[in-house]
Every structure is written in structure tokens, then in C-alpha cells.
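Protein chains in written order, with the numbering used here: chain A, 1 to 282; chain B, 1001 to 1218; chain C, 2001 to 2305. The beta-carbon is built from N, C-alpha and C at its ideal position, and this holds for glycine as well. Just so it is clear, the structure is predicted and the values come from calculations on it, not from any experiment. Encoded as C-alpha cells, the structure appears first; notes follow it.
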């Protein structure tokens, strides 16, 4: 086998080993990487910044633990920013393995800012069939969610007295790892004209740029890079603190950088091998 | 971290390493971790669905005398007929209702959001006097050539065929972007796991240090 | 087959047969009743309306599109010749079957991990039937591991009919169509195992795939099989493109099933969508020219408020 064919047929376990070593070394010896903020993340941040005390922001949380790495950081950053600005949060979950994700964030962050359930935030809980739930919420939140996650009837919650449907929330932020984003765009924005921004995993990001361009969504936080940008902005304005280790996406950026460099090198090696062996064979 | 957290996180570390062993070869440790996650998530989903879907949407209304909910209950039971070769035709009624109503809701909105809105936002002014106008030209060319690629009523020959080739190049550039973002997504998951392992080892080291210093009172 | 009475005819509104108009009547009724339930925009005081005039453009375009679909389906049913170009991946299927015959190795067909309510799985079953017909003629084993129980029955039927059409019903082996598991990665592991043990000469992957797509495609690549894949799941297309010899991208999967089956509804829908695409291109070009000249009337008409 020629050298170029060997390059092309490199055992994938060597690739795994090299990437593993690079990731471990970068995790042990981190360094700062410069970060620039993209307009689509800036627009989400600016929108939350523009909210006044008492405004209601809805967050649709539709992800499970497998997407936690990318989406939890943006969830934490947005929640901290909102609570610091005394913005009220209305949260719901449309992913079956996601209720614990919301509970983890909201219980931790509400304690940090002394926020009270029912007055400063309401967690509606989980309901199956995202399309039907999103459509029903457009009529009245009480149709799919007569009670909140903790079993309290919505009508007995102080915050819910002024809220009927999407018309009473300033915007919806959908943080999602699945197909529910499509339903939020089609039904919440398409049917009810609710202002919508999304935070999605890296895999899904490229699918939603057309909706950003057509202004069906006003912001897009894409993957861990998007989360890192959001954390960078939030840290600059004091909503989160590096000292309290609240920048989990931002501190993963060195690992992203080094690993991507290695992946690009392997792609170049593989392509050189491909073209040279093709040239040799012809 | 308290003792409980150390123990629970130790299990998480063990399962993480079990999954990573697949990178070398399939083995019983990987199979165990995979079957565990599949079983736990299926069981968790079943319970969540029962308490968040079945109970509030069927049991509670029936208890309150709203007997109309019997109809969707029967439709739901009819779907179970799918498992019988002889009676599987019964499930078609429920499926027809479900697919029909879902399609009815979706068709107009998908046309509105995926076609009409996209079409109107793609009608952009073009020119060479600014970068924005020039990039609009690239968008229009990409959209038109990709649409031509997916045109099945004419053979891809001549000018039409060359334009379709531009379309497939546009698609491939898009796939490349998607591929790159997917790599970023997968690396994020790996990075988070490695950071978790690192932090657990640091916490464990500190815990063992305190354990030996203060005895088993922790 | 007993026909339902046409309500339009029953109402005495139209004197002749109106098979085309009956669906249109119900469609109009559906759209109007849907509009009844729709909310008016936030800035206008909320009250239920019979018709949302702000969405008239959506209504007109939908009616137009449905007319195209029904028209072409009718034409296809009447036996009109509707041209659909040959899709490159389909030639690759024949080539792969030929290669498998020469090597004396089996062919592996994977139909995705979604159920029969997913259109991609339906398209995959149609292609499976045609692959079975090709394979039957050459006496090559066709292995079909399936992810979901309901799909097994459909796959068995497709393969059996394919063999019967080729005049080789006795060659059909029911054990070759088997249910593995409904769990995504366990199914991928099972398929990988089949690839490594049986070493098929050709792998066909048509249907709806998710993260397991690269696992299977890469394993197939490592065994040296010729691979043809097709899916409408955009995230998985890059992986199929790099790991497979031919890939049917998105709508090509449905076009392939229409091309192979010549089913009037599939052909009619395909031709209608082609006409819609053609009109879209014309409108887009006109809109771009007008926008460049500063005329925004056309863009405004398409704008959904």
C-alpha cells in the first residue's frame, strides 16, 4: 500500500486517540480564545436587555440530558440575565426527558436571586405532542396546562392572573434539541404572530438561518459557540461571573478550537491522500 | 461535594468510560451502558407520559364526568390493534383521524412559513454597488439553481444541466456547513464529558484528602 | 366500489360529474372553518372572524397548488404520459445488483428507523419492491433488517410482490426480512453486525435516518460494498454523501418511488410540485427584478402579516 493510500486508510482509532489526547490536554491546560459575537446572538441578548421590570418572557425548553452540554449554558445565562433585570419567566417543557432540565436551572437560579415561584416565575411542566400543546397555548395556557409542574392550579398563581396566551408575553425563547422548534415557528409565530427566538444545538443551526433571514425568528443562538457568545455578553454586563464558574460554554471554547484544528488537519491529510492516489492510479 | 454526590457521580463516570470503550471495540461494558440508558429512558418516558399526558387528559376529565373523552380513549385503544395481523385494519381509523387532523393543521401553515414567507424574503434587490447587494445575487443564484436541480420534468442537459450542476454545488456547500456544525456539536458533547471527568477527579481528590484528614465523619 | 354521493351534485349546484370539485368543496369548507378558529393579529381587538383577510394570499396559493395536484393526478389516472427524468441513483442500483450477482454476495436493504406513517418509509417500501424484482431475476439473496414491527409486514409484502412480478415467487425467503430491534443504536449495531458477517456486495439505505446513519454507512464503506442511500433528513445527507457511492437527496427519494411505481397519485403530486417550482422560479425572478427597480408591490402581496 502506497503512502497516500495509507493516509486514506488510516485506522479510525488513531483519529479517536489523537482527538482524545488533544481534548484532555486542552482541558488540563486551558487558555483564552478570542470570541466575536455574531449578530444573531446579539439580537437575542439585546432583546432581553430591552425588557423592563415586570415584563414576561416565555422560555420553551425542549431538550434532554444528551443536549445539555450545548443548551444548558445558554439556559443558565438567559435565566440569570432575566432574573437580574426582574423580568418574569414563564417556562414550559415539550420534551419527555426535559422536565428535570428546567427544574435544575430554575431551582438553582431562583435561589440566587430570591425569586418566588408563582410570583416571579411559573414553570408549567411537560406535556406530550408539541404541536398540539403549542397550538393550545395560543388560545390559553390553561388548556394544556391547568396546573403548573408542582400541581398548583394556574389561576391561583399571582403571575398568571394577567396571562392568558402568547399575546401577554413579550416573546418566546425556544431552547431545543429536537423537532419542536419547527412547531414553535409554524404555530406560535406562523399562526399567532408571537415574537420568537431560538437556541438550538450545532447540528440544527444551519437549518434555521433561512427563518432568521425571513425574520420569522429574531435571533438564533447556535450550539456551544452561540452559548459561549451569550455567556461572554452576559459576563461583560455582570449577569454571570467567571469567578463563580458560571461560564461553562465559554471555557469549552479552547477545546473546540484545538479539536477543530486537528479535524481540519485530518481532512486535509485524507484529501491529499485521495487526490494523490487517484492521480497515481490514473 | 458530599458523599452521596461523590457516589452518584462515580456511577456517571463509570458509565461514561463504558461508552468510551466502544471507540476501541464493541464490548460488554458498552453494551451494558447502552442497554441501561435505553431502558431507563424508555421507563422514564413511560412514567412521564402517564402522569403528564394520560392522567390529566383522560383520567381526570372522566372523573369529572366529561364523558366525551371516551371517544379519544377508544380511538387510542384502536391503535393497539396494529399488533394483531388479523385486526390491524382497525387501527387505520385512528391513524386516519390523527394523520388527517395533523395534516389539516399543518398544510396551510407549512405552505405559509416554508414557502410563501421564504419566497417573499428571497425577493431581494441585487446589484454590485455594495456587499449586501452582491451577496443577494449569490442567494438568488443558489435558490434558483437548487430549484432547477430538483426539477424532475426535464433531463439535465445543456444549459439546464449546467445550472443544475451549480445547484448541486450549492447544496454541497450547504451540506459542508451542516457537517461542520455537526462536528462542532459532537465535539461539544465530548468536551463537556471530559470537563466533567476532570472536575470529578479534582473533587474526588479533595474529598479523599478531607476524608483522610478528618476521618469517616464526612 | 361504492361511491359517496357528491354533496355538490346533491345540492344541485353542478349538473355533471364533479369528481374534481368534490375534494375542492371539502377543502374550501375546511379552510373556511379553520379561518373561523384563527385569531386576528394582536394589535386589532380580538374577536372570532369567519375569514382572515390578511391571509388571502396563502389561501389563493394553496387553492392553486391543490388544483395542480388534483389535475395531474387525474391526468395520470387517465393514462397520460407524464415524463419524469431518470434519477442517477437508480442506475447505480442496477449496477450494484449486477455486481452482487458477479460476486455471489447478498444485497442489504435498510429502510430507515421510522414507522409507516413517515413518507420516507413509504417511498422506501416502493423502492424495495423494485429492488426485489431486480434481485429475483438474478437469484441474489436480499437481506432486509427492519427497525419497527409494523414495517416488517409491509417489507415482507413488498419483497414477496417483487419476486412474484419477476416470476420467481418460489425464490422468496421470508427469513431474509427480519425484525431486529426498535432501539436506534441497537438497530445500528445489529445492521453493522450483519454487514461484517455477511459482507454484502451492495448496501441500499433508503428512508428516514438519524444519528445512526453514519455508523451504518461507515461500516458498509469499510466492508467495500457499493452503497446507495437516500433520505430527506437534511442532517444525515452530508454523512451519506461522504460514505456512499450515490445519494438521493431529499425529494429525489420520493421522485424515485414515483418513477419506479408509476403510481398516479405519486406521479401527479410530483408533476404538480414541478409546476409549482417552475412558477416559484418565475415569480422569484420577477420579484427580484421589481425589487431592484424599487417596486415592492409583488413582495408586499406575498408578505404574510
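Min CB distance residue i to chain A below 8 Å
{"i": "residue 2234(C)", "result": "yes"}
{"i": "residue 1048(B)", "result": "yes"}
{"i": "residue 1038(B)", "result": "no"}
Interface residues of chain C facing residue i [CB-CB closer than 8 Å]
{"i": "residue 207(A)", "result": "2234, 2235"}
Burial state of residue i, where buried means 16 or more other Cβ atoms lie within 10 Å
{"i": "residue 1088(B)", "result": "exposed"}
{"i": "residue 2050(C)", "result": "exposed"}
{"i": "residue 2235(C)", "result": "buried"}
{"i": "residue 26(A)", "result": "buried"}
{"i": "residue 2187(C)", "result": "buried"}
{"i": "residue 48(A)", "result": "buried"}
{"i": "residue 189(A)", "result": "buried"}
{"i": "residue 2305(C)", "result": "exposed"}
{"i": "residue 2053(C)", "result": "exposed"}
{"i": "residue 108(A)", "result": "exposed"}
{"i": "residue 2273(C)", "result": "buried"}
{"i": "residue 2048(C)", "result": "exposed"}
{"i": "residue 2102(C)", "result": "exposed"}
Minimum Cβ-Cβ distance from residue i to chain B less than 8 Å
{"i": "residue 224(A)", "result": "yes"}
{"i": "residue 2032(C)", "result": "Its pLDDT being 48, under 50, residue 2032(C) is placed unreliably in this model, and the value from its coordinates should be taken loosely. Answer no: the Cβ-Cβ gap between residue 2032(C) and chain B never drops below 8 Å."}
{"i": "residue 2075(C)", "result": "no"}
{"i": "residue 2271(C)", "result": "yes"}
{"i": "residue 188(A)", "result": "no"}
{"i": "residue 152(A)", "result": "no"}
{"i": "residue 90(A)", "result": "no"}
{"i": "residue 128(A)", "result": "yes"}
{"i": "residue 2095(C)", "result": "no"}
{"i": "residue 2238(C)", "result": "yes"}
{"i": "residue 210(A)", "result": "yes"}
{"i": "residue 2061(C)", "result": "yes"}
{"i": "residue 131(A)", "result": "yes"}
Within chain B, the residues that residue i reaches when beta carbons sit closer than 7 Å
{"i": "residue 2249(C)", "result": "1171"}
{"i": "residue 23(A)", "result": "1190, 1191, 1194"}
Neighbour list for residue i in chain A, Cβ cutoff strictly below 8 Å
{"i": "residue 1182(B)", "result": "202, 203"}
{"i": "residue 1044(B)", "result": "96, 97"}
{"i": "residue 1136(B)", "result": "What residue 1136(B) touches in chain A: nothing, since even the nearest Cβ is about 11 Å away."}
Listed by chain order, chain F residues near residue i by CB distance under 9 Å
{"i": "residue 1174(B)", "result": "In the displayed structure, chain F is absent; the protein chains listed are A, B and C."}
Partners in chain B for residue i, counting only beta-carbon separations shorter than 8 Å
{"i": "residue 125(A)", "result": "1052"}
{"i": "residue 191(A)", "result": "1109"}
8 Å Cβ cutoff, residue i in contact with chain C
{"i": "residue 1063(B)", "result": "no"}
{"i": "residue 1066(B)", "result": "no"}
{"i": "residue 1117(B)", "result": "yes"}
Chain-ordered chain C contacts of residue i [CB-CB under 7 Å]
{"i": "residue 1122(B)", "result": "2284"}
Cβ-heavy atom distance, residue i to the ligand ATP, below 7 Å
{"i": "residue 1148(B)", "result": "Of ligands this structure carries none, so the ligand ATP is not represented either."}
Contact set between residue i and chain B, taken where Cβ atoms lie within less than 9 Å
{"i": "residue 2255(C)", "result": "1150, 1152"}
Does the region 1140 to 1158 of chain B come within contact of the region 220 to 239 of chain A, defined as at least 3 CB pairs closer than 8 Å? no
In chain order, what residues of the region 162 to 181 of chain A put their CB closer than 8 Å to some CB of chain C? 167
Whether or not the region 165 to 185 of chain A and the region 1159 to 1166 of chain B are in contact is what I'm after, with contact meaning three or more pairs of Cβ atoms, one per stretch, closer than 8 Å; do they touch? no
Is it the case that the region 1195 to 1214 of chain B contacts the region 1013 to 1029 of chain B, given that we only count it when at least three CB pairs across the two stretches are under 8 Å? yes
Output needed in chain order: residues of the region 214 to 239 of chain A with a Cβ under 8 Å from some Cβ in chain B. 214, 215, 216, 222, 223, 224, 225
The region 2277 to 2289 of chain C: which residues have C-beta closer than 8 Å to a C-beta of chain B, in chain order? For the region 2277 to 2289 of chain C, which is checked against every Cβ of chain B, the residues closer than 8 Å are 2277, 2278, 2280, 2281, 2283, 2284, 2285, 2287, 2288.
Give, in chain order, every residue of the region 1005 to 1032 of chain B whose Cβ lies closer than 7 Å to some Cβ of chain A. The region 1005 to 1032 of chain B vs chain A, Cβ under 7 Å: 1023, 1024.
Would you call the region 1103 to 1122 of chain B and the region 140 to 147 of chain A in contact, with 3 or more CB pairs under 8 Å? no
Between the region 2162 to 2173 of chain C and the region 2193 to 2207 of chain C, are three or more C-beta pairs nearer than 8 Å? No: the two stretches stay apart, fewer than three of their Cβ pairs being nearer than 8 Å.
Is the region 2158 to 2166 of chain C in contact with the region 2056 to 2070 of chain C, if contact means three or more CB pairs nearer than 8 Å? no
Please identify, using Cβ separations under 8 Å, the residues of the region 2139 to 2151 of chain C that lie next to chain B, in order along the chain. 2149, 2150
Answer yes if the region 187 to 205 of chain A comes into contact with the region 1174 to 1185 of chain B, meaning at least three C-beta pairs across the two stretches below 8 Å, and no otherwise. Taking one beta carbon from each stretch, the region 1174 to 1185 of chain B and the region 187 to 205 of chain A have 3 or more pairs nearer than 8 Å; the two touch.
Mind the definition here: the region 152 to 171 of chain A touches the region 48 to 60 of chain A only if three or more C-beta pairs lie below 8 Å; say whether that holds. yes
Interfacial residues, the region 2186 to 2204 of chain C to chain B, with Cβ spacing under 8 Å: 2186, 2189
What residues in the region 252 to 274 of chain A bring their beta carbon closer than 8 Å to a beta carbon of chain B? 252, 255, 256, 259, 260, 263
Three or more beta-carbon pairs under 8 Å between the region 98 to 106 of chain A and the region 154 to 165 of chain A, yes or no? No contact exists between the region 98 to 106 of chain A and the region 154 to 165 of chain A.
Please name the residues in the region 1145 to 1168 of chain B whose beta-carbon is closer than 9 Å to at least one beta-carbon of chain C, in chain order. 1147, 1148, 1149, 1150, 1151, 1152, 1153, 1154, 1155, 1156, 1168
The region 1092 to 1106 of chain B: positions lying closer than 8 Å to chain A by Cβ: Taking 8 Å as the Cβ-Cβ cut-off against chain A, the residues of the region 1092 to 1106 of chain B that qualify are 1102, 1105, 1106.
Taking contact to mean 3 or more Cβ pairs, one atom from each stretch, closer than 8 Å, check whether the region 2239 to 2259 of chain C and the region 2117 to 2124 of chain C are in contact. yes
Counting Cβ pairs closer than 8 Å, one from the region 1035 to 1054 of chain B and one from the region 28 to 47 of chain A, do we hit at least three? No, the region 1035 to 1054 of chain B is not in contact with the region 28 to 47 of chain A.
Below 8 Å, how does it come out for the region 2146 to 2154 of chain C and the region 2097 to 2115 of chain C: are there three or more Cβ pairs, yes or no? yes
So does the region 233 to 245 of chain A actually touch the region 261 to 275 of chain A, counting three or more Cβ pairs closer than 8 Å? Result no; under three Cβ-Cβ pairs closer than 8 Å.
Counting pairs of Cβ atoms below 8 Å between the region 251 to 259 of chain A and the region 10 to 30 of chain A, do you hit three or more? yes
Measuring CB atoms only, is the region 2078 to 2094 of chain C touching the region 2225 to 2233 of chain C, in the sense that at least three cross pairs come out at less than 8 Å? yes
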